[in-house]
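Listed in order, the protein sequences are those of chains L and B.
Position one of the first sequence corresponds to residue 1 (full-length UniProt numbering), numbered consecutively onward.
Position one of the second sequence corresponds to residue 1 (full-length UniProt numbering), numbered consecutively onward.
So the structure is just underneath, and the comments pick up after that.
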Amino acid sequence: MNVFAGVGGGAVGKEAASVGGGALLEVTPHKLAVCHLVQIFAPPPPQAGVAAPALPFPFESVAHHNRLGLFLFALTRSCEDFLEPPLEELLRQLKAVDSLVNGWLCQQLTSTLSVLNSPDDLFNFFDKLRGVLSAPEGANVEDEFLDPNSQLGVFLRCCILSFNTMAFEGVCHLLANLVEYCNSSETSYDFAEDEAFNSEIEMSNFMDANIHVRDAIFDKYSKGYAPESHMGEGSSSLVHASTSLHDFDEGIFKAEDNPDCLRSRWQLEAYLNQQADILEKDPSLVPLNSFNATMSQLQALAPELHRVQFLQYLNALTHDDYIAALDNLHRYFDYSAGMQGIFSRSSSSFQDIIVGKYESALLCLGNLHCYFGHPKKALEAFTEAVRVSQMNNDDSCLAYILGAISNLLSKIGMSSTIGTIGSPYSLGNNIGLGTPLSIQQQLLVLLKRSLKRADTLKLTSLVSFDHLSLAKFDLKHVQRPLVSFGPNAYTKLRTCPADVCKNLRLSSHVLTDFGVDGLSASSDNGSFSTSWLRNLSAASNSWCSSSTKSRKVLTNDFDNFHFHAQPSPIPAAVLQLAGSAYLLRATAWEHYGSAPMVRMNSLVYATCFADAASSSELSLAYVKLIQHLAAFKGYSAAFSALKLAEEKFPSTANSHIQLLKMQLLHERALHRGQLKIAQQICDEFGVLSSSVSGVDIELKTEASLRHARTLLAAKQFSQAANVANSLFSTCYKYNMQVENANVLLLLAEIHKNSDNAVLGLPYALASQSFCKSFNLDLLEASATLTLAELWLALGSTHAKRALSLACQSLPMILGHGGMELRARAHIVLAKCHLSDPKFKVTEDPCSVLDPLNQAVEDLQVLEYHEMAAEAYYLKALVYNNLGKLDEREEAAASFREHTIALENPYNEADSLSY
Amino acid sequence: MASTKETYRVELRAAARQLGERGLYSAAKWAAELLVGIDPDGTPAPSAPMDTPSSSGSAASGGRLLHLHRSGGSSFRRRLRPGGGASEAGTPLGGVSYVSTPIPDDDAFDVGADKYLLAKTYFDCREYRRAAHVLRGQAGRRAVFLRCYALYIAGEKRKEEETIEHEGSLGKSNAVNQELVALERELSTHRRTGAIDSFGLYLYGIVLRDKDCEGLARTVLVESVNSYPWNWSAWLELQSLCTSSDILNNLNLKNHWMKDFFLASAHLELKMHEEALKRYERLMRFFRCSDYIQAQIATVQYSMRDLDEADMIFEELLRTDPFRVDSMDVYSNLLYAKESSTALSFLAHRVFLTDKYRPESCCIIANYYSLKGQHEKSVLYFQRALKLNRKYLSAWTLMGHEFVELKNTPAAIDAYRRAVDINPRDYRAWYGLGQIYEMMGMPFYALYYFRKSSCLQPNDARLWNAMAQCYESDQLQMIEEAIKCYERSANSNDTEGIALHQLAKLHGMLGQSEEAAFYYKKDLERMEVEERQGQNFVEALLFLAKHCRNIGRFEEAELYCTKLLDYTGPEKETAKSILQGLKRAQSGYPSMDIDHFAM
């Protein structure tokens, strides 16, 4: 039986080889310790003829043996830090594994290491190690020996090779480091102290002072300094100062005690990748300065590891430090031209995924400008990137750049086509059509082109991304043919939900295809080992702190090794892409107007993809859920949920949550009639967006929409209409048709409320037709409802028509609409009946009272005073007609209550809290 | 005056001896050189003999694609190794009363004198730890200093060795001088108790600098030079810590004559050439024979692109001191810029025989090969120079230029980048980076680098021209930005005359013919002054002729056309036809031009 044969297998070997000539791991004291443990784990096979015991000496059971193996495996793969752990830490972890044999392993380890006193000892140590790997003569297959190709075998071989190529100076350094390494633990491990001490004495006999650096310093200190303080000239203050200084330096020495030994290159890169993932997921977890300090420490230790600079760039980027981000970006690409791979996630070099070279520098530069909201500069960078990658025949980079450009175009509003899109020289040629295209058309062409390229190059992640972008595009834009032949070419001026659906489905294929794409082929990135070790030390810590009694109780302490982290077969990046498909699905349903589907998809996202999701995307899912709550359960429920969400994502750091909070507060203020507060929140909204035109366009639209609605609530109709009109022209300019439907509906409302029903009608109709062509079903229902209201306002002769319109919208509204919309529909229904001259209340009171009661119920929850008052008023009228005086009085009282509440908004102060 | 000189002599004599006794060889060397450099009393000092302010015409620009190649090539070395005596200096202001600083007496004969003698001999034999060991327990200030200094040097030596030993796949690890902690502890105690002399303070200063406590290091060094101003090494350390003129101006320095040397040298390093030159010329009055000052003046003049003047001084220097290597790298840059390969080969041969393992020597030889077009060999020698001193700034930059010649762009970028990381104020390296990226067809990316370099050297027209060329490149076509850059360039004395012409052309392209005419006229004037004629001249004349005709200033148009008639080519024909057109126009509308009738 080969111990751990095949773990990692050939891939590991190839990896180690591919890391490059000089990149063998360097032997460090920590690695010596691990080597020693491997030796215990798989002792050199006995001489032929002697029967091998079933288990090596100290182990009691196979499980125990395997546990050490797993521990060693994790040690060589973990990427928790870039420095190797001190001996103390190693011993603590080892103890957790070693409990069965009463710390025999620890003792063995420390004694072995401290016996290594001279270069010759080291030579012998490695000689012995070699025996572990060589199969004995006449070994059976059943014999237990270490497979040289297993993870541990490769590790051992690398160590031996590295030692063999080491110059004598290197051996001396190793020895010096080893002494420091052992000393660092002597305070906490009593049993090690004696030997370490002895070795120190021996050392000073044997070794040159140069090697035994620390002692040399101390010697000099005591020799050079002590006599001086005996001179007598030193006053007491001098003595005092000297002792305090001494303490201070002890502190320094403590910090320097453990020699700074880097982990192996593989571990370093895994560590950097992990940090990059954290940065991407949630930058608020990483403090800007301390992370920078860590990185510069790493850089001091490994100046040729330029990837560190890329991380510094990422760090600055995510913390909105423009200058530092720009500097670090340029520095990284100057040094490495990206050859250390931003795109390769593991050190294994698949030829097709290294997108190094300067075009990727430009790609990153463009993304940086895009992130900071400099669309023009971003576009310049991207066009240059396109040119350079075409020059260098770098197809995969080109595909990424096209994806990035389409991302930019979709993110940033561009009013006119000509002049903005860089020089026509590159992109125009690229598109290959003589006629000027609108931004949207260019976007579509770019997306399709990128998709095609990515498909042929088998960049599955990019394919998935492009599908997502296409879905986003289809959601909001009507696809018109670029060139239509013949005068009567049929063009269907509607968006196509089926396309959206198809693209979303296709984008999820990344989940099954990711193996092909080298990008995501890094299922084992060391995080599993890291979390294993972390759990182990957590377990051992809790275990150490518990009393010694429990130690005996826990003889079978397998629970200590229970850990939750399972190695996920799917890389996080893939999960993230797949997750965004669900999030986009939720958004799509939001547009199409199905609340339950929004909720479901958001729930799926929040439960299944939360681990891989970045904080901003996860918070978006939360936002959608809370918005759903607000629409269906009222504000109190929404606010309590918001509180929970804020605990998870501090609203100062997370713009989604911050926006949601303001949205909710604004709506509630409008409903309660607290107009000043509503206006205040509107103003805050306006401040959030960037002042550059075209950037943050959605935020700006929402701000002025809310502004108009506030003005409407304040009955300043002409101003509201002005705001809405200018908003309409902005939306038109930036081709935001979906938003236009909303604005038109708002205009209709404004005219309705200002008793200009005739003026309102065309707006409502226009909004309806917009809704139809973009498949915005719920919005369309609400437009129909407004239409009914407008007809109703034109006089009782139109009551019939209004009723039929209202009934037409009811199924959609009752099925998917929120409480406010439902209440409005009910009231309209009742009003239609009441204003119909043929309708007799006494004949069918239920058809009026039922909807009114429903409406009142919903409006109470929403605290919507104005409409509640209206409903109660209608109710009172009906009861009056019916002659039910008590009920009439009750309704009238409620009406009065709401009217008063509306006119005297109470608790202005706390309406910003919740 | 003679008495002043005599005091200087006394002071320097003592200083050279004291510094030498402490193993501060470069400072001692510097003092001794200066001592000899004092104008002998007998001859009446002619008023400022050397200060012929050099502004003799245009400097011949280096015949190389990278016209920024070798300017201001002094690297600053902060290493305090014996033999590596960097030489940069300061300037005395005449007429200012200097504070006289008493020359400290050395420790009187004490019990430890013999041991000190032994330790010093060990030190001279480079057995530093042995020297320190001998002095253990000695409490005299001189002994304490030598012990600490020996330890420091031993630590530095070990550090260098370790740097090489540690070199792994990820680059060198952070070797540190292991003695720093102990030294800092001891010296800070001494400083607090006052049991420290200025030499100890100097050592404390460099220890602090190595530990990155720059602020405190400056304070300590100022203390040191205030109490003992003749230690040039201390001044140099102080200078290396003054990275901006603000810091320099805020130093609390006693007004000793050595301060002038310091200020002049610091000004040179901070590229305040005029100030530096003034100070050096004033110092020349007392130290007329000082090679050091001569070399510094030559360096300043080279930096101000006054090549001929600098050349003369360097030649004279080499005549009096043929085995000199200090500052000779600057001379080689100068010869490179003048493209005199024979002189450069002489120089290279000479320094090669003197000491081939000095970074300056390697740099000179590399320059020679570069001038001969043998760029591979040149790179080889630059690499050798960098092996000897990894922080040799100008070698990194120059090697970058060589790699550009070799079309090895990644290596060139790497070399420039290292120069920039050593000194982020090196505008030539930034410029080089920008040029490479521009050559690679990435003008937008290159802009970042040009912006950096012009930010450091805002009055350099070449940098603005480069940036403008990026903007107006085919790929970017950002004409308005280009115009802004050219305007800056035209305002900062653009000697190559690119800016005006381009400004005119760009304005013409944008259809702003008024502005275009304005700049063409200016360009014409400039060319007439410099007596340069060529295609640009013709172009300007043609445009102006057409423009004046279009706006109805026929006489001016006629003037330009007649000038054009002196040239051959199609422009002549155009001019002729314009002239005919003008005549016709004038005769067609006689009433509009009364002067015409008067003729």
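We put the CB at the ideal spot given by N, CA and C, even for glycine.
Keep in mind it's a predicted model, so treat the numbers as computed, not measured.
In its chain, beyond the 5 residues on either side, 375 have a beta carbon closer than 6 Å to the beta carbon of residue 406 of chain B. In this structure, residue 373 of chain L lies near residue 690 of chain L, with their beta-carbon atoms less than 8 Å apart. Rounded to whole angstroms, the Cβ separation of residue 556 of chain B and residue 548 of chain B is 4 Å, and the two are in contact under 8 Å. For the pair residue 523 of chain B and residue 545 of chain B, the CB atoms are not nearer than the 8 Å cut-off. At a C-beta separation below 7 Å, residue 440 of chain B has these neighbours in chain L: 358. The beta-carbon of residue 410 of chain B is placed less than 8 Å from the nearest beta-carbon of chain L. Pairing residue 228 of chain B with residue 265 of chain B gives a Cβ-Cβ distance that is not under 8 Å. Relative to residue 850 of chain L, the option among L/472, L/871 and L/866 whose CA is nearest is L/871.
Taking the C-beta atoms as reference points, residue 395 of chain L is found no nearer than 8 Å to residue 311 of chain L. Fewer than three pairs of CB atoms, one per stretch, sit closer than 8 Å, so the segment 263 to 283 of chain B makes no contact with the segment 22 to 32 of chain B. Taking 8 Å as the upper bound for CB-CB distance, residue 134 of chain B and residue 200 of chain B are not in contact here, some 18 Å apart.
Contact annotation: residue 325 of chain B and residue 282 of chain B have beta-carbon atoms that are not nearer than 8 Å. Spatial neighbours of residue 798 of chain L in its own chain (CB-CB distance under 8 Å, excluding positions within 5 residues in sequence) are listed in chain order as 791 and 792.
Taking C-beta atoms as the reference points, residue 746 of chain L and residue 708 of chain L count as a pair closer than 8 Å. For residue 400 of chain L, none of the residues of chain B pass the 9 Å Cβ criterion, the least Cβ distance being about 17 Å. Distance from the CA of residue 464 of chain L to the CA of residue 620 of chain L, rounded to the nearest whole angstrom, comes to 20 Å. Its Cα nearest to that of residue 388 of chain L, the residue B/444 stands out among B/435, B/402 and B/444.
Within chain B, the residues placing a beta-carbon under 8 Å from that of residue 380 of chain L are 444 and 476, ordered along the chain.
By the Cβ test, the segment 770 to 777 of chain L is in contact with the segment 735 to 746 of chain L, since at least three Cβ pairs between them sit closer than 8 Å. With respect to residue 560 of chain B, residue 541 of chain B sits close: the two C-beta atoms are nearer than 8 Å. Residue pairing by DSSP places residue 559 of chain B in no beta bridge whatsoever. Rounded to the nearest angstrom, the gap between the Cα atoms of residue 409 of chain B and residue 209 of chain B is 35 Å. Note that the C-beta distance between residue 543 of chain B and residue 516 of chain B is below 8 Å.
Residues of chain L with a Cβ closer than 8 Å to the Cβ of residue 417 of chain B are, in chain order, 331, 334 and 335.
Beta-carbon to beta-carbon, residue 490 of chain B and residue 499 of chain B are separated by about 4 Å, close enough to satisfy the 8 Å threshold.
The beta-carbon distance between residue 106 of chain L and residue 95 of chain L, rounded to whole angstroms, is 6 Å. This is short enough to meet the 8 Å contact definition.
Put simply, of B/472, B/428 and B/479 the residue whose alpha carbon is nearest the alpha carbon of residue 463 of chain B is B/428. Residue 626 of chain L sits close to residue 642 of chain L, with the two beta carbons spaced by under 8 Å. Listed along the chain, the chain B residues whose CB falls inside 7 Å of the CB of residue 388 of chain L are 441 and 442. Interface criterion not met: the Cβ of residue 216 of chain B is under 8 Å from no Cβ in chain L. Residue 365 of chain L reaches chain B at 445, counting residues in chain order whose Cβ is nearer than 7 Å.
Around residue 467 of chain L, the same chain offers 503, 506 and 507 as residues with beta carbons nearer than 6 Å, after the five sequence neighbours per side are excluded. The shortest CA-to-CA distance from residue 20 of chain B to any of B/231, B/186 and B/128 is the one to B/231. Annotation: residue 472 of chain B is outside any alpha helix (DSSP H) and is labelled neither H nor E by DSSP. Under the 8 Å criterion on CB atoms, residue 408 of chain L is classed as non-interfacial with respect to chain B. Not a single C-beta of chain B is nearer than 8 Å to the C-beta of residue 630 of chain L.
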